[in-house]
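Let me begin by presenting the structure, written as structure tokens, before commenting on it.
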Amino acid sequence: MSLDATDILPRAAAASAPAAPKPRRAVRTSSFGYRFLRSRTALAGSIGLALVAGAALFAGQIFPGDPLDMVARPFMWPLTSAEYPLGTDMLGRDILVGLVYAARVSLAVGLAAAGLAVALGVVFGALSGYFGGWVDQVLTRITEVFQTMPPLVFVVVVVAILTPSVSSIVLGIAVTSWPQVARLVRAEALRLRDAEFVQAARVMGMGHFRIILTHILPNAISPVVVAGSILVASAILTEAALSFLGLGDPNLISWGSMIGSGREVLRTAWYMTALPGLAISLTVMALNLLGNGLNDVLNPRVSLT
Amino acid sequence: MSAPVQTPALEVRDLVVSYRTGRGPLSAVDGVSFAIRPGETLGLVGESGCGKSSLAKAIVQLVEPTSGALKVEGHDITGLNARERRALRPKVQMVFQDPMGALDPRQRAGTILETPLKLNGVRGKAERRARVASLMEAVGLRPEFIDRLPHEFSGGQRQRIGIARALALDPAVIVCDEPVSALDVSLQAQVLNLLRKVQRETSVAYLFISHDLSVVEHIADRVAIMYLGRIVELAPRETLWRAPLHPYTRALIEALPRMDPGVSRIADKTIVGGDLPSPFAPPKGCRFHTRCPIAVARCAIDAPALSDAGDGHLVACHLASGAVPAPNASAALQPA
Chain X
1 MSLDATDILP RAAAASAPAA PKPRRAVRTS SFGYRFLRSR TALAGSIGLA
51 LVAGAALFAG QIFPGDPLDM VARPFMWPLT SAEYPLGTDM LGRDILVGLV
101 YAARVSLAVG LAAAGLAVAL GVVFGALSGY FGGWVDQVLT RITEVFQTMP
151 PLVFVVVVVA ILTPSVSSIV LGIAVTSWPQ VARLVRAEAL RLRDAEFVQA
201 ARVMGMGHFR IILTHILPNA ISPVVVAGSI LVASAILTEA ALSFLGLGDP
251 NLISWGSMIG SGREVLRTAW YMTALPGLAI SLTVMALNLL GNGLNDVLNP
301 RVSLT
Chain G
1 MSAPVQTPAL EVRDLVVSYR TGRGPLSAVD GVSFAIRPGE TLGLVGESGC
51 GKSSLAKAIV QLVEPTSGAL KVEGHDITGL NARERRALRP KVQMVFQDPM
101 GALDPRQRAG TILETPLKLN GVRGKAERRA RVASLMEAVG LRPEFIDRLP
151 HEFSGGQRQR IGIARALALD PAVIVCDEPV SALDVSLQAQ VLNLLRKVQR
201 ETSVAYLFIS HDLSVVEHIA DRVAIMYLGR IVELAPRETL WRAPLHPYTR
251 ALIEALPRMD PGVSRIADKT IVGGDLPSPF APPKGCRFHT RCPIAVARCA
301 IDAPALSDAG DGHLVACHLA SGAVPAPNAS AALQPA
């Protein structure tokens, strides 16, 4: 595994050794599920993320109605009314409802963009690392072209050309973030292609693409999973930045657009900016915790206490 | 050479493997020829960097030989197109040095053993299961190990899986690239005995590569000594052991630790000093002359050919008494 920077020296092996007398079907202490449940960071991150995802999924059930409707007196501060616990904005829209609906957009953009970036990065990285030679040369040059562009500026350009919408934002973010996945996968493929088990597969007559699918990718996937969860977080931030700049989807409410509209009244009603900001921070933190936790979970040399 | 003429399981003729590198071309294997009968074990010994591994990789088609011929059960691999070659691929299998590295850490034993069957047309799932079970039994693994991951096995058990995988396709030849050098001495014997048992049952031929003469002595019928890309001596095990003709072979045998220090003293040994010369610029003439204790002027000019010294004992040395160039080089290459 290449993410050894966070690698802790293995502590007492006792942590992963089965202590109780073995039942008929012993729990694999090396299994993903077992290690995941033992990792506090991964658990905390996934609980946080589950809350946000739950809010996003069930927004319509919790708060029926349009989040953009004006429902009450504007400029109601949080914790002043039982009906609107997080107050209202300058148009009298319920901020709590807005936050919950905005979670949909933010998460959808984050997941879709990260998914697309991972898909692109895995294909490019695996081909380039496994085959090497001129294939690697060509693919690496292409990767570098995309990597050298300043991400936010590039996304702004893409969105401006394609008109602001969720799909153009997803595309813009994915196009600027796949190179980091590609480089990660390339490094893993480069390491794995000379592994003896890959040579063994070739000796028994396995084709290149089958080797990539059955040997290279399963062994390269851990750092990609980690990078993927961080990518979701950065995509959410980028989407927020775009919405703040007014390049978000105008028909949808997102955390970034809430911050963007709250900015104008920052001095008198700072809570309109702070609350969606807090939502972004907590979501991104949950994703980063999940990423770091997965890094430990997927690295068998780190013992989890 | 009175044995009936038999198609060798593997025949290598004038094989050259060279790599293009940043420092120029490198001939790792430079004109190697030998043949192995079915059921025979040819030991291949040489120090690191002599081209053993390149030879092994060329035989299992992991690297493309630059020139020369490779015949598996009489079929020449080198002239074939990709599809015909693929059909011959199961005939030559390999057991790797590092039993941990040779098994995918994320695949269970059953999957590892099933894959070669899947790839080579064993369609029925039940048929594959049965074959996997018989393979595991053949190498002495308990059937319940089928769901284990490589790291849940001991080193010796892992190597047994590696051997079972190589056997899965009923190969004619298995190239064993230092299969025991990563194992404890106690396990080495077990694995060597397993290899012999398998050979008795299937009459597979082994090319057994090692840097350790004493391991080769245990398993090989004939032994080839390789130095800097060439075979310098090839003889039946007993002959090589009792009457080595090449000074390099003598040095290798003398370098082995002896049980009786009174008989053998360092001072009596012919020590071969220095390191392997650079393979980018191999010495002219006999490649060993720079380190040879008995080299004469001719050795630096004239490269000795591998010639028959009688009884299938081949040696490439001008000074080996009794070595005369074989009238028919190909006859000399046939196994005795």
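As given, the protein sequences belong to chains X and G, one line each in that order. Sequential numbering of the first sequence, starting at 1, is according to the UniProt record's numbering. Sequential numbering of the second sequence, starting at 1, is according to the UniProt record's numbering. We put the CB at the ideal spot given by N, CA and C, even for glycine.
Within-8 Å CB hit, residue i to chain G
| i | result |
| --- | --- |
| Ala126 of chain X | no |
| Pro164 of chain X | no |
| Ala14 of chain X | Unreliable placement is indicated for Ala14 of chain X, whose pLDDT of 40 sits below 50; no coordinate value is reported for it. |
For residue j and residue i, the rounded distance between their alpha carbons
| i | j | result |
| --- | --- | --- |
| Phe75 of chain X | Ser257 of chain X | 17 Å |
| Ser177 of chain X | Thr148 of chain X | 11 Å |
| Gly65 of chain X | Gly92 of chain X | 15 Å |
| Met285 of chain X | Arg193 of chain X | 35 Å |
| Trp241 of chain G | Asp147 of chain G | 44 Å |
| Pro282 of chain G | Leu228 of chain G | 8 Å |
| Arg202 of chain X | Arg106 of chain G | 17 Å |
| Val118 of chain X | His215 of chain X | 18 Å |
| Gln6 of chain G | Arg191 of chain X | 43 Å |
| Val63 of chain G | Phe209 of chain X | 19 Å |
| Thr239 of chain G | Gly121 of chain X | 59 Å |
| His218 of chain G | Leu127 of chain X | 44 Å |
| Gly155 of chain G | Pro151 of chain X | 49 Å |
| Ile310 of chain G | His246 of chain G | The sequence given here places Gly at residue 310 of chain G; Ile does not occur at that position. Near 14 Å, if we compare the C-alpha coordinates of His246 of chain G and Gly310 of chain G. |
| Ile173 of chain X | Leu213 of chain X | 26 Å |
| Gly273 of chain G | Ala255 of chain G | 12 Å |
| Glu188 of chain X | Ser222 of chain X | 10 Å |
| Val223 of chain G | Leu141 of chain G | 30 Å |
| His313 of chain G | Met100 of chain G | 37 Å |
| Ile211 of chain X | Leu103 of chain G | 13 Å |
| Ala172 of chain G | Lys118 of chain G | 19 Å |
| His211 of chain G | Cys317 of chain G | 21 Å |
Min CB distance residue i to chain X below 8 Å
| i | result |
| --- | --- |
| Met136 of chain G | no |
| Phe96 of chain G | yes |
| Ala58 of chain G | no |
| Gly155 of chain G | no |
| Ala102 of chain G | yes |
| Arg148 of chain G | no |
| Pro90 of chain G | yes |
| Thr115 of chain G | yes |
| Gln159 of chain G | no |
| Arg200 of chain G | no |
| Ile86 of chain G | Before going on, a small fix: residue 86 of chain G reads as Arg here, not Ile. Chain X, which has a Cβ nearer than 8 Å to the Cβ of Arg86 of chain G, makes this yes. |
| Arg106 of chain G | yes |
| Leu44 of chain G | no |
| Leu10 of chain G | no |
| Leu119 of chain G | yes |
Strand pairing of residue i, partner residues [DSSP]
| i | result |
| --- | --- |
| Ile209 of chain G | G:Leu44, G:Asp177 |
| Glu73 of chain G | Glu73 of chain G is not bridged to any residue. |
| Pro236 of chain G | G:Arg222 |
| Arg242 of chain G | Looking at the DSSP assignment, Arg242 of chain G forms no beta bridge with any residue, so it has no partner. |
| Val95 of chain G | G:Cys176 |
| Thr88 of chain X | X:Asp94 |
| Gly115 of chain X | For Gly115 of chain X, which the question treats as bridged, DSSP gives no partner whatsoever. |
| Arg230 of chain G | G:Tyr227 |
| Thr21 of chain G | G:Gly24 |
| Asp136 of chain X | Partner(s): none; Asp136 of chain X has no beta bridge. |
| Ser222 of chain X | Ser222 of chain X is not bridged to any residue. |
CA nearest to the CA of residue i, picked from the options
| i | options | result |
| --- | --- | --- |
| Leu319 of chain G | G:Val63, G:Asp302, G:Gly312 | G:Asp302 |
| Cys50 of chain G | G:Leu256, G:Glu11, G:Asp14, G:Leu26 | G:Leu26 |
| Ser234 of chain X | X:Ser81, X:Ser106, X:Leu127 | X:Ser106 |
| Arg298 of chain G | G:Asp308, G:Arg287, G:Ser307 | G:Arg287 |
| Gly268 of chain X | X:Asp89, X:Leu43, X:Ala55 | Reading the sequence as shown, one finds Thr at residue 268 of chain X and not Gly. The candidate whose alpha carbon is nearest that of Thr268 of chain X is X:Asp89. |
| Ser167 of chain X | X:Gly98, X:Gly115, X:Arg263, X:Phe36 | X:Gly115 |
| Thr249 of chain G | G:Pro277, G:Ile294, G:Ser278, G:Ala205 | G:Ile294 |
| Ala59 of chain X | X:Gly277, X:Ala103, X:Gly260, X:Val185 | X:Ala103 |
| Leu217 of chain X | X:Gly207, X:Asn292, X:Ile259, X:Val185 | X:Val185 |
| Thr111 of chain G | G:Arg200, G:Asp212, G:Gly162, G:Asp308 | G:Gly162 |
| Gly260 of chain X | X:Asp136, X:Gly293, X:Thr273, X:Asp249 | X:Thr273 |
| Phe153 of chain G | G:Asp184, G:Val122, G:Glu127, G:Ala109 | G:Ala109 |
Identify each residue in the region 186-218 of chain X for which the Cβ-Cβ distance to at least one residue of chain G is less than 9 Å, and report them in chain order. Sequence-ordered contacts of the region 186-218 of chain X with chain G read Ala195, Glu196, Phe197, Val198, Gln199, Ala200, Ala201, Arg202, Val203, Met204, Gly205, Met206, Gly207, Arg210, Thr214, His215, Pro218 [C-beta pairs closer than 9 Å].
Please list, in chain order, the residues of the region 202-215 of chain G that have any C-beta partner in chain X closer than 7 Å. Those residues of the region 202-215 of chain G that come within reach of chain X (Cβ to Cβ, closer than 7 Å) do not exist; the list is empty.
Please name the residues in the region 54-81 of chain G whose beta-carbon is closer than 9 Å to at least one beta-carbon of chain X, in chain order. Taking 9 Å as the upper bound on Cβ-Cβ separation, chain X lies near residues Lys57, Val60, Gln61, Leu62 of the region 54-81 of chain G.
What residues in the region 163-176 of chain G bring their beta carbon closer than 9 Å to a beta carbon of chain X? Look at the region 163-176 of chain G: the residues with a C-beta under 9 Å from a C-beta of chain X are Arg165, Ala166, Ala168, Leu169, Val175.
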